[in-house]
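>
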Amino acid sequence: MKQFLRNIFWFGLILLIGLSIKKMVTPFYLGNSAFKAKVKSFQKTSQHYNTIVFGSSHSYRQFNPSIFDSLMTDYNLSTYNIATAGTFNPESYYLYEHFLKTLDKDAIKYAFLELKPLNFYDWENTNTTRGSYWNTTSTLYYALNYINASNYDKIEKFNLTKIYLNSFLNSFVDTNILKGLFLKPSVRSKTGFVPLDKELSSKRRNNEFTLRYKTFHADTTVLKERITAARNIPQYYNSKDINKVHLSHLKYLISKSEQKGIHLFLLVPPRLKDNEYQEIIPLLNELPKGHSLELANYVENKTFYKTKNSFDIGHLNLKGANLFTEKCAELVMKKLQIP
Amino acid sequence: MLFNSLDFAIFLPLVFILYWFVFKKTGLQNLLIFAASYFFYGWWDWRFLSLILFSTIIDFSIGIALRKEEKKKRRLLFLWLSIIVNLGFLGFFKYYNFFLDNFISAFSIFGMELSASSLNIVLPVGISFYTFQTLSYTIDVYKGKLEPCTDFIAFGAFVSFFPQLVAGPIERATNLLPQFYKKRSFNYSLAVDGLRQILWGLFKKVVIADNCAEYANLIFNNADNYSGSTLLLGAFFFTFQIYGDFSGYSDIAIGTSRLFGFNLMRNFSFPYFSRDIAEFWRRWHISLSTWFRDYLYIPLGGSKGGTPMKIRNTFIIFLVSGFWHGANWTFIAWGALNALYFLPLLLSGKNRQNLGMVAEGKIFPNPREIFHMSSTFLLTVLAWVFFRASSIDKALTYLKEIFSTSLFTVPEEFPMVIISLILLFVVVEWLQREQQHALENLERNHLIKKPLRWGFYIGIILIIFTFGGSQQEFIYFQF
Chain A
13 MKQFLRNIFW FGLILLIGLS IKKMVTPFYL GNSAFKAKVK SFQKTSQHYN TIVFGSSHSY
73 RQFNPSIFDS LMTDYNLSTY NIATAGTFNP ESYYLYEHFL KTLDKDAIKY AFLELKPLNF
133 YDWENTNTTR GSYWNTTSTL YYALNYINAS NYDKIEKFNL TKIYLNSFLN SFVDTNILKG
193 LFLKPSVRSK TGFVPLDKEL SSKRRNNEFT LRYKTFHADT TVLKERITAA RNIPQYYNSK
253 DINKVHLSHL KYLISKSEQK GIHLFLLVPP RLKDNEYQEI IPLLNELPKG HSLELANYVE
313 NKTFYKTKNS FDIGHLNLKG ANLFTEKCAE LVMKKLQIP
Chain B
13 MLFNSLDFAI FLPLVFILYW FVFKKTGLQN LLIFAASYFF YGWWDWRFLS LILFSTIIDF
73 SIGIALRKEE KKKRRLLFLW LSIIVNLGFL GFFKYYNFFL DNFISAFSIF GMELSASSLN
133 IVLPVGISFY TFQTLSYTID VYKGKLEPCT DFIAFGAFVS FFPQLVAGPI ERATNLLPQF
193 YKKRSFNYSL AVDGLRQILW GLFKKVVIAD NCAEYANLIF NNADNYSGST LLLGAFFFTF
253 QIYGDFSGYS DIAIGTSRLF GFNLMRNFSF PYFSRDIAEF WRRWHISLST WFRDYLYIPL
313 GGSKGGTPMK IRNTFIIFLV SGFWHGANWT FIAWGALNAL YFLPLLLSGK NRQNLGMVAE
373 GKIFPNPREI FHMSSTFLLT VLAWVFFRAS SIDKALTYLK EIFSTSLFTV PEEFPMVIIS
433 LILLFVVVEW LQREQQHALE NLERNHLIKK PLRWGFYIGI ILIIFTFGGS QQEFIYFQF
């Protein structure tokens, strides 16, 4: 038995070392092919850009760099939208933090990062490369502390803990990620922005986007739920229910950005769910005023909740995206005047 | 709990440690296996634990009763009681809706419209396997081949033994039950070989079966859109899917049992290297084929009678075997087709001409062997179409398209990576075909030193991690 256990131990150790090396040497973005394509494209022409946008489809599909740059002429900005679909907290925070490390000081002036609560991944997704590649020991530490500091009920906490642990284990054993080394995905736009409308005419995954579009426009009453959520935002500003782990992580990202000479904006996009606003809006009171951009409340942003500006329940169409970008530029200019 | 899941990766080492370091006495080890097996099964659906427990109590009690009873009629009564209870459960859960639907259809042919609604019955995982295992116990006790078990815990552990509970091998009480009575001591070689077999089983399941499943599903589900060549490729994928899935499960089950000091019977013996259908059936799902042979074919008279009796018995055993796999006419058609393949060999007395392994002691087979292996393989591929198709009509349409001119066109789907993995798999199995499993006895080859061996194992693990298809349930769970 001793010999058996000894062999198991040594074999396991060798395997563990091998897998750890794999995890250490793989590029930080390997696992998100869309991000890889964008980051490669950005690196090729990085000297052109001084502003960068991170986040999920709420930024990828709604932040139009051309519009933004044209409105910010006084600041001489050149923006690249590096956001990719389905990239939420903590994946987006992980990507941003690691991306910072690749930059020279003062190479970028401004960065936008979507503010989102910790993502509830489906269990099945945690066994995939995309659902786990970002789960390093420090991301896991952040996620578990976040869960612990949250006001989720016990069952939610237990399930989330299981999800993040499983994802972490998968990130270790997942060698499927190495296939990404041989993939050469191409970018679809110079600025990184692709409005959802474009997908309706595109053959790629056409059915899914068309279905989403048609379903929403056949019954737009579902938007009421998001309008109610946007209307609730003012009351969430008064909430003291703050996830301290999330807050300190955001402050950490702001300070890391400053070290690279970057002013980080934390962006709250429109059309999120009520529970998401409930969780992130209170944080804005505690964050430095010049770093938060809230473009979600209904009173000031009615236009983002109109059907004519919508693609589906959660996203704006091209017209809405341009309006969103304009509003964003307006708010940024205001914020930059804050000392 | 799936073998290829994180749950099982935690469960197995825990039970292993408790088994060898905490519960050292045979009785306590049996108790642990009993409890762990119920936990393993309950992880899937705890409600059906009562079914196994009931079946265990019935067969245990009948065994005791048979020991005390000497009157032939009463003994036969007890035997029938066990058969009725066990097959009753199986019949209800697995075949109720099938019979109901077919009765209604049959009556409607004569213009009689019957109305009855199907029940929404959930099929308990592995019911076909443990039902046959407990039945073998009662029949063997009745026949006097086995002493009835008087230790309920040992008997319960035998019925529910978790490595083979849900997808076999269907163990004979005469082989497995006595192992629960004996003191078991840790056997290094057995355990290491068990681990190797588990590793190969995982490779078969996760790399071969799950990847083939993606293409087999794609092609079978959209058969109307594909050419004959693609459909033939789809049938090939299913052929490897079902083999990788089922023999992979058996390998993991046998390997896991070895870690606990148990020896289960072999269930697959490289069936796709068979030279005729009779050999194929001696190498495919051995535990089921021999079960039917011993408890159905031989009692019916086997091949001893005249030609009509031989034909009848052959058809009975193949049709029942098909029906055992599922309540659908497609399985019965699959069984019938195999009977048709087998009969010419039986009637010409050539059914036992290929008893050994093909090209024994050689690396390459001769042209004659290649021809026989290829033709047998092709026959099984075509038969699997019935097994996989959702209806006989669809199977016939699928086959018709294969045998059309579109067979000679370039396939629309041709996943090179998966085809390369299948080729690698076939080469390893071919080289190791004279062993019990593909990774057996690697350390006996003096050319393969430890670092090379470990490198090979790590290579397999990395292939599993890298090329593992999307996790699919074991096909045989549904049987």
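Just so you know, the protein sequences line up as chains A and B, in that order.
Take our numbering: the final residue in the first sequence is number 351, and no numbers are missing along the way.
Take our numbering: the final residue in the second sequence is number 491, and no numbers are missing along the way.
For glycine and all other residues, C-beta sits at the position ideal for the given N, C-alpha and C.
All values derive from a computational prediction rather than experimental measurement.
If you count every other CB in all the chains shown that lies within 10 Å of the CB of B/Val171, and 16 or more means buried, which is it?
It counts as buried.
> Let me confirm a value: A/Thr240 is counted as buried when at least 16 other C-beta atoms fall within 10 Å, else exposed. Which label applies?
A/Thr240 is exposed by the Cβ-count criterion.
> If you reduce the DSSP assignment to three classes, tell me which class A/Tyr41 lands in.
Three-state result, A/Tyr41: coil.
> To the nearest angstrom, how far is it from the Cα of B/Asn114 to the Cα of B/Pro181?
Their Cα atoms are separated by approximately 31 Å.
> With a Cβ-Cβ cutoff of 7 Å, do B/Ala345 and B/Phe327 count as a contact?
Cβ atoms of B/Ala345 and B/Phe327: not closer than 7 Å.
> Which runs of the alpha helix (DSSP H) fall wholly inside the segment 336-419 of chain B and span at least 4 residues, in chain order?
Complete alpha helix (DSSP H) runs here, min 4: 341-359, 379-400, 404-414.
> What residue range does the beta strand (DSSP E) around A/Val65 cover?
Taken as a continuous stretch (DSSP letters only), the beta strand (DSSP E) holding A/Val65 covers 63-66.
> Considering only their Cβ atoms, is the gap separating B/Gly240 from B/Ile414 smaller than 7 Å?
Contact: yes.
> Which residue comes first and which comes last in the beta strand (DSSP E) that contains A/Ala123?
Counting along the chain, the beta strand (DSSP E) containing A/Ala123 begins and ends at 122-126.
> Which value, in whole angstroms, describes the spacing of the CA atoms of B/Arg270 and B/Tyr469?
When rounded, the distance between both Cα atoms is 18 Å.
> Determine the closest residue to B/Tyr353 out of B/Trp293, B/Tyr284, B/Phe35, with distance taken between C-alpha atoms.
It is B/Trp293 whose Cα lies nearest to the Cα of B/Tyr353.
> Compare the C-beta of A/Phe16 against all C-beta atoms of chain B and say whether one is closer than 7 Å.
For A/Phe16, the answer is yes, since a Cβ of chain B falls inside 7 Å of its Cβ.
> Three or more C-beta pairs closer than 8 Å, one from the segment 129-137 of chain A and one from the segment 174-185 of chain A: is that the case here?
Yes, they touch.
> In whole angstroms, what is the alpha-carbon distance linking A/Leu335 and A/Phe316?
When rounded, the distance between both Cα atoms is 8 Å.
> Return the Cβ separation of A/Asn44 and A/Tyr145 in integer angstroms, given the expectation that the two are a contact with Cβ distance under 8 Å.
Sure, about 7 Å apart at Cβ, within 8 Å.
> Given this structure, state the Cα-to-Cα distance separating A/Leu296 from A/Asp286, to the nearest angstrom.
Computed Cα separation, rounded: 16 Å.
> Once the 5 residues before and after B/Tyr309 are set aside, which same chain residues still bring their CB inside 7 Å of it?
Contacts found: Asn325, Ile329.
> Leaving out five residues before and five after A/Glu291 in sequence, what residues of the same chain have Cβ atoms less than 6 Å from its Cβ?
Result list for A/Glu291: Pro129, in chain order.
> Which of helix, strand or coil does DSSP assign to B/His297?
DSSP places B/His297 in coil when its eight states are reduced to three.
> What residues match up with A/Phe354 in a beta bridge as DSSP calls it?
A query on residue 354 of chain A cannot be resolved here, the shown segment of chain A reaching from 13 to 351 and no further.
> Closest to A/Tyr122 by CA distance: which of A/Leu107, A/Leu89, A/Asn147 is it?
Nearest C-alpha to A/Tyr122: A/Leu89.
> With distance defined between alpha-carbon atoms, name the residue in B/Met428, B/Ile165, B/Val219 nearest to B/Tyr193.
Nearest of B/Met428, B/Ile165, B/Val219 to B/Tyr193, Cα basis: B/Ile165.
> Taking Cβ-Cβ distances below 9 Å as the criterion, which residues of the segment 447-477 of chain B are in contact with chain A?
Taking 9 Å as the Cβ-Cβ cut-off against chain A, the residues of the segment 447-477 of chain B that qualify are Trp466, Tyr469, Ile470, Ile473, Leu474, Ile475, Ile476, Phe477.
> On the DSSP bridge list, what partners appear for A/Tyr92?
In DSSP, A/Tyr92 forms a bridge with A/Ile64.
> Which residues in chain B have a C-beta closer than 7 Å to the C-beta of A/Thr187? List them in chain order.
Ordered by position in chain B, the residues that pass the 7 Å Cβ test against A/Thr187 are Leu474, Phe477, Thr478.
> Counting only beta-carbon atoms, is A/Met397 nearer than 7 Å to chain B?
The requested residue 397 of chain A does not occur in the structure, where chain A is confined to residues 13 to 351.
> Please go through the same chain and pick out, in chain order, the residues whose beta-carbon is closer than 8 Å to the beta-carbon of B/Phe215, but skip the five residues on each side of it.
Cβ within range, chain order: Gly260, Phe437, Ile472, Ile475, Ile476.
> Here's the rule: buried if 16 or more other CB atoms are within 10 angstroms of the residue's CB, otherwise exposed. What is B/Met385?
The residue in question, B/Met385, is buried, as its Cβ has 16 or more Cβ neighbours within 10 Å.
> Say whether chain A places a C-beta atom closer than 7 Å to the C-beta of B/Tyr227.
It does not; no Cβ of chain A falls within 7 Å.
> For the beta strand (DSSP E) that contains A/Leu305, what are its first and last residues?
Taken as a continuous stretch (DSSP letters only), the beta strand (DSSP E) holding A/Leu305 covers 304-306.
> Cβ closer than 8 Å: which chain A residues qualify as neighbours of B/Phe28?
Those do not exist, as B/Phe28 stays about 10 Å from chain A at its closest Cβ, beyond 8 Å.
> Please state the DSSP three-state secondary structure of A/Leu152.
Correct three-state label for A/Leu152: helix.
> Going by beta-carbon coordinates alone, are B/Thr251 and B/Val393 separated by less than 7 Å?
Against a cut-off of 7 Å, the Cβ pair of B/Val393 and B/Thr251 comes out as a contact.
> Pull the bridge partners of A/Leu328 from the DSSP assignment, please.
Note: A/Leu328 sits in a beta bridge opposite A/Ser322.
> Under 8 Å: do the segment 238-254 of chain A and the segment 303-311 of chain A share three or more Cβ pairs, one atom per stretch?
A contact exists between the segment 238-254 of chain A and the segment 303-311 of chain A.
> Taking the alpha helix (DSSP H) that B/Tyr238 belongs to, which residues open and close that run?
No alpha helix (DSSP H) contains B/Tyr238, which DSSP labels as neither H nor E.
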